[in-house]
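Numbering (the working numbering), first residue to last: 591 to 774. Note that the Cβ used here is the ideal one computed from N, Cα and C, for glycine as well. Predicted, not measured: the structure shown is a model, and the values here were computed from it.
In structure tokens form, the structure reads like this:
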């Protein structure tokens, strides 16, 4: 599991599962890089400087790192408002929302997109003991599988990992780390 690349905007649980189950970084492109699905009817899109046409082709990591955010409308406030409306009563909202407010509140036109998406990724993953989850998946596969299946409904493939973290908090990795192979 390498992390060389540009993180998607509040990437989906499915994207994180692919990354955690792979030896390479599954570099998102196009819509997958700048759009996230918070619920069946709530999509957020990052405005890239120069518009979406810059993302129509497969871009190298260097080209992706050159993408910058635009100041189109009041998108940071709109995105925070959507997150608050959807997750304001979620169990871990109060834990994560202040960090999200700081990040969205400091956005400026011309800011590198990859630094913004990395900052969001770090809100959720920076202090998580992921190695411990991987070890538990191997050392206690039956327990890990039970905990995973119990929490998995909170992390559908298509929804942003934000959904899982707002509902499961630090137990989210149970839903993202691949199911251990269990011999019968």
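Per DSSP, residue i forms a beta bridge with which residues?
| i | result |
| --- | --- |
| residue 702 | 658 |
| residue 625 | 635 |
| residue 750 | 602 |
Let me check you understand the geometry: is the CB of residue i closer than 6 Å to at least one non-hydrogen atom of the ligand MG?
| i | result |
| --- | --- |
| residue 742 | Although the ligand MG was asked about, the structure shown includes no ligands whatsoever. |
Would you kindly check if the distance between the Cβ of residue j and the Cβ of residue i is under 7 Å?
| i | j | result |
| --- | --- | --- |
| residue 766 | residue 600 | no |
| residue 609 | residue 598 | no |
| residue 756 | residue 677 | yes |
| residue 761 | residue 738 | no |
| residue 703 | residue 659 | yes |
| residue 682 | residue 595 | no |
| residue 635 | residue 625 | yes |
| residue 713 | residue 675 | no |
Would you say residue i faces chain D, with C-beta separation under 7 Å as the test?
| i | result |
| --- | --- |
| residue 733 | In the structure shown, chain D does not exist; there is a single protein chain. |
Below 8 Å on the Cβ atoms is my guess for residue i versus residue j; work out the distance and round it to an integer in Å.
| i | j | result |
| --- | --- | --- |
| residue 657 | residue 638 | 5 Å |
| residue 748 | residue 641 | Incorrect: roughly 25 Å between the Cβ atoms, too far for contact. |
| residue 672 | residue 632 | 6 Å |
| residue 769 | residue 754 | 16 Å between Cβ atoms; not a contact. |
Just the C-alpha distance for residue i and residue j, rounded to the nearest angstrom, thanks.
| i | j | result |
| --- | --- | --- |
| residue 752 | residue 692 | 16 Å |
| residue 602 | residue 733 | 25 Å |
| residue 774 | residue 648 | Only weak support exists for where residue 774 lies, its pLDDT of 45 falling under 50; the value from the coordinates is given anyway. C-alpha separation (whole angstroms): 43 Å. |
| residue 721 | residue 763 | 10 Å |
| residue 620 | residue 750 | 16 Å |
| residue 613 | residue 629 | 29 Å |
| residue 730 | residue 736 | 10 Å |
| residue 606 | residue 746 | 11 Å |
| residue 627 | residue 706 | 17 Å |
| residue 611 | residue 661 | 36 Å |
| residue 618 | residue 651 | 10 Å |
| residue 686 | residue 715 | 11 Å |
(request) Could you say if the region 720-727 and the region 666-683 meet the contact criterion of at least three C-beta pairs nearer than 8 Å? (result) Note that the region 720-727 does not touch the region 666-683; fewer than 3 beta-carbon pairs, one per stretch, sit closer than 8 Å.
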